[in-house]
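Enquirer: Under full-length UniProt numbering, think of the first position of the sequence shown as 1, with each following residue one higher.
The structure that follows is given in the form of structure tokens.
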Amino acid sequence: MILHADLDSFYASVEQRDDPALRGRPVLVGGGVVLAASYEAKAHGVRTPMSLGRARALCPWAVVVPPRMSAYSAASRAVFEVFRDTTPIVEPISIDEAFLDVDGLRRIRGTAEEIARQLRADVRARTGLPITVGVARTKFLAKVASGVGKPDGLLVVPPGGELAFLHPLPVEKLWGVGPVTAARLRERQIHTVGHVARIGEAALVAMLGGGAGRHLHALAHNRDPRGVETGRRRGSIGAQSALSRSLSYTEVEATLGALVDRVTHRMRRAHRAGRTITLRLRFGDFTRATRSRSLLKATMRTGEILRVAGELLHEAAPLIAERGLTLVGVAVSNLDSEGAVQLELPFEAPRDDGLDAAVDRVRDRFGSAALQRAAMVGRELHPSVPLLSD
1 MILHADLDSF YASVEQRDDP ALRGRPVLVG GGVVLAASYE AKAHGVRTPM SLGRARALCP
61 WAVVVPPRMS AYSAASRAVF EVFRDTTPIV EPISIDEAFL DVDGLRRIRG TAEEIARQLR
121 ADVRARTGLP ITVGVARTKF LAKVASGVGK PDGLLVVPPG GELAFLHPLP VEKLWGVGPV
181 TAARLRERQI HTVGHVARIG EAALVAMLGG GAGRHLHALA HNRDPRGVET GRRRGSIGAQ
241 SALSRSLSYT EVEATLGALV DRVTHRMRRA HRAGRTITLR LRFGDFTRAT RSRSLLKATM
301 RTGEILRVAG ELLHEAAPLI AERGLTLVGV AVSNLDSEGA VQLELPFEAP RDDGLDAAVD
361 RVRDRFGSAA LQRAAMVGRE LHPSVPLLSD
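In structure tokens, the structure reads:
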């Protein structure tokens with residue numbers, strides 16, 4: 001049996017824990033954009049990432065608090081200590097959720113449901129935070145169960161009862177079904193997971209493509225052979241920042257440069273080099289777009305990654321001018337395990353590498369704000385969200 005443990009409205013819960021005056025009140029964490037909303041705020045339609053202005057229109061009496069990333073990081077570390085005290089087989093998904101394999105603990109800890117109840121009690125006692133746990137025989141269904149069981153709940157899907165639980169749920173509960181895919185399915189009167197399960201795999205492949213069709217057909221029948229993996233490294237390293245609609249293209253370029261600095265610093269610290277650079281954009285109408293390009297060889301150089309990201313941004317400039325921009329992000333994927341970078345002939349003395357190393361040393365010693373690009377002077381990038389180890 002597998003547990004999926006997911007903290008409830010994590011940032012907002014930390015704020016309510018640390019300030020008793022916020023408990024039971026609608027809380028919004030963020031600045032221009034809502035990073036987290038308490039369930040009291042979600043009851044009024046507030047969602048993330050929503051502009052703060054729209055959130056306040058929906059819930060005028062909400063309390064807005066600035067994010068405290070160091071507090072969230074500390075809370076996450078405390079919660080993961082509880083996870084690892086429960087079982088050594090823990091697969092982190094993000095700073096506020098993880099899969100736990102408890103299949104071998106029956107004789108010493110009891111059933112999966114008993115372990116999940118104790119886990120929830122331990123997290124509450126040791127960290128003061130609410131957490132929801134889903135229990136099932138597959139990772140996919142455990143995560144679905146935790147989503148259905150929120151907030152602050154426990155939902156166990158018993159062996160043999162998986163399809164009875166899964167099939168009445170809406171199609172959006174299937175991993176990989178976003179708004180576009182859901183709309184395509186609903187156009188064909190496919191509204192629930194059970195409807196998907198009754199369609200043949202070949203029909204789903206014809207409708208959605210090979211990969212997506214086979215993937216959804218398997219999940220609709222609760223076929224998910226993946227086990228809980230420990231020690232798995234992330235597949236990409238990225239950063240993003242919400243933007244004011246009034247920013248000029250030059251200011252967007254400056255923000256992108258600061259994000260690339262943040263990403264490449266993490267890459268070098270983790271000894272990871274990557275080949276594929278992806279630019280993520282969210283426009284003024286809240287539609288999204290991505291642009292990516294792969295290099296011939298992996299790199300962790302700031303200059304090289306910034307050059308490609310800048311070219312991708314330039315290609316998207318007409319769309320940005322037409323629709324406006326509310327978020328920009330950059331990510332590097334196809335990461336090498338140990339930062340191995342193939343050398344090229346003729347060998348030349350490293351120039352960018354030396355500059356990158358010097359910048360890293362200054363920022364590691366004096367903080368990220370000690371050295372910044374001239375274009376960012378007087379501007380402030382949104383604080384980096386807490387992350388799992390790279």
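Note that the Cβ used here is the ideal one computed from N, Cα and C, for glycine as well.
The structure presented is a predicted model; accordingly, all values stated were derived computationally and were not measured.
Name the DSSP bridge partner or partners of Ser-51?
Expert: DSSP output for Ser-51 lists Val-33 as bridge partner(s).
Enquirer: Going by alpha carbons, who is nearest to Thr-127 out of Arg-365, Pro-92, Ala-71, Leu-155?
Expert: Selected option, being the one with the closest Cα: Ala-71.
Enquirer: How is the beta strand (DSSP E) around His-221 delimited, first residue to last?
Expert: Run containing His-221: none; DSSP gives neither H nor E here.
Enquirer: Tell me the DSSP secondary structure of Ala-331 in three-state form.
Expert: Note: Ala-331 maps to strand in three-state DSSP.
Enquirer: Are the CB atoms of Leu-100 and Thr-86 nearer to each other than 9 Å?
Expert: Result yes, Cβ atoms of Leu-100 and Thr-86 sit closer than 9 Å.
Enquirer: I need the DSSP call for Lys-150, collapsed to helix, strand or coil.
Expert: Three-state result, Lys-150: coil.
Enquirer: Going by the beta-carbon positions, is the gap between Ser-294 and Arg-275 smaller than 9 Å?
Expert: A contact, by the Cβ cut-off of 9 Å.
Enquirer: From what residue to what residue does the beta strand (DSSP E) around Asp-6 run?
Expert: Counting along the chain, the beta strand (DSSP E) containing Asp-6 begins and ends at 2-7.
Enquirer: Give the single residue among Ile-190, Asp-224, Val-63, Leu-174 whose Cα lies nearest to the Cα of Thr-138.
Expert: Nearest of Ile-190, Asp-224, Val-63, Leu-174 to Thr-138, Cα basis: Asp-224.
Enquirer: Taking only runs that begin and end inside the region 95-128, name each unbroken beta strand (DSSP E) of 3 or more residues, in chain order.
Expert: Counting whole runs of 3 or more residues, the region 95-128 contains the beta strand (DSSP E) stretches 97-101.
Enquirer: Given a threshold of 16 other Cβ atoms within 10 Å of its Cβ, counted over all protein chains shown, does Gly-53 qualify as buried or as exposed?
Expert: The residue is exposed, with fewer than 16 neighbouring Cβ atoms inside 10 Å.
Enquirer: Measure the alpha-carbon distance for Ser-236 versus Arg-282 and round it to whole angstroms.
Expert: When rounded, the distance between both Cα atoms is 19 Å.
Enquirer: Along the chain, which unbroken stretches of the alpha helix (DSSP H) at least 4 residues long are found entirely within the region 191-252?
Expert: Correct list: 193-197, 201-208, 210-220.
Enquirer: Please report how far the alpha carbon of Gly-329 lies from the alpha carbon of Pro-159, in whole angstroms.
Expert: Spanning the two alpha carbons is a distance of roughly 42 Å.
Enquirer: Report the rounded CA-to-CA distance for Asn-334 versus Glu-311, giving the unit in angstroms.
Expert: About 19 Å.
Enquirer: Kindly indicate which three-state DSSP category Lys-38 falls into: helix, strand or coil?
Expert: It is worth fixing the name first, because residue 38 is Ser in this sequence and not Lys. Note: Ser-38 maps to coil in three-state DSSP.
Enquirer: Using a 10 Å radius around the Cβ and a threshold of 16 neighbouring Cβ atoms, would you call Phe-10 buried or exposed?
Expert: Classification for Phe-10: buried.
Enquirer: From Gly-227 to Val-90, what distance separates their C-alpha atoms?
Expert: Roughly 11 Å between the two C-alpha positions.
Enquirer: Is the region 204-219 touching the region 168-176, taking contact as three or more C-beta pairs under 8 Å?
Expert: Because the criterion of three Cβ pairs below 8 Å is met, the region 204-219 and the region 168-176 touch.
Enquirer: Give the secondary structure of Leu-296 by DSSP, where H, G and I count as helix, E and B as strand, and everything else as coil.
Expert: Of the three classes helix, strand and coil, the one that applies to Leu-296 here is strand, per DSSP.
Enquirer: Please name the residue, chosen from Ala-142, Ala-37, Pro-151, Pro-179, that lies closest to Phe-165 on a Cα-to-Cα basis.
Expert: Nearest C-alpha to Phe-165: Ala-142.
Enquirer: If you run the structure through DSSP and keep just helix, strand and coil, what is Arg-274?
Expert: It is worth fixing the name first, because residue 274 is Gly in this sequence and not Arg. It is a strand residue.
Enquirer: Between Arg-282 and chain B, is any beta-carbon pair separated by less than 9 Å?
Expert: Absence of chain B from the displayed structure is noted, only one protein chain being present.
Enquirer: Applying the 10 Å Cβ sphere with the 16-neighbour rule, what's the burial state of Gly-213?
Expert: Label assigned to Gly-213: buried.
Enquirer: Round the Cβ separation of Val-33 and Ser-51 to the nearest angstrom and send it over; I've been treating them as touching at under 8 Å.
Expert: Confirmed, Cβ separation roughly 6 Å.
Enquirer: Let me check understanding here. Comparing Cα to Cα, which of Gly-45, Ala-116, Gly-31 lies closest to Gly-153?
Expert: Of the candidates Gly-45, Ala-116, Gly-31, the one whose C-alpha sits nearest the C-alpha of Gly-153 is Ala-116.
Enquirer: Going by DSSP, what residue range makes up the alpha helix (DSSP H) through Ile-89?
Expert: Taken as a continuous stretch (DSSP letters only), Ile-89 belongs to no alpha helix (DSSP H), as it is neither H nor E.
Enquirer: Taking its Cβ as the centre, do 16 or more other Cβ atoms sit within 10 Å of Pro-20, making it buried, or is it exposed?
Expert: Classification for Pro-20: exposed.
Enquirer: Would you kindly report the start and end of the unbroken beta strand (DSSP E) that includes Thr-132?
Expert: Taken as a continuous stretch (DSSP letters only), the beta strand (DSSP E) holding Thr-132 covers 131-136.
Enquirer: With C-beta atoms as the reference, is Val-27 less than 9 Å away from Val-79?
Expert: For Val-27 and Val-79, no; Cβs fall outside 9 Å.
Enquirer: Could you tell me which residues DSSP puts in a beta bridge with Phe-140?
Expert: Note: Phe-140 sits in no beta bridge, so no partner.
Enquirer: Can you name the start and end residues of the alpha helix (DSSP H) that Val-14 belongs to?
Expert: Where Val-14 is concerned, the enclosing alpha helix (DSSP H) stretches over 10-18.
Enquirer: Where does the unbroken alpha helix (DSSP H) through Val-177 begin, and where does it stop?
Expert: Taken as a continuous stretch (DSSP letters only), Val-177 belongs to no alpha helix (DSSP H), as it is neither H nor E.
Enquirer: In whole angstroms, what separates the C-alpha of Glu-15 from that of Asp-261?
Expert: Cα to Cα, Glu-15 sits roughly 30 Å from Asp-261.
Enquirer: Is it buried or exposed for Arg-301, if we count other Cβ within 10 angstroms and need 16 for buried?
Expert: Buried, because 16 or more other Cβ atoms sit within 10 Å of the Cβ of Arg-301.
Enquirer: Would you mind working out which of Val-156, Ala-197, Ser-146 sits nearest Val-171, comparing C-alpha positions?
Expert: Selected option, being the one with the closest Cα: Ala-197.
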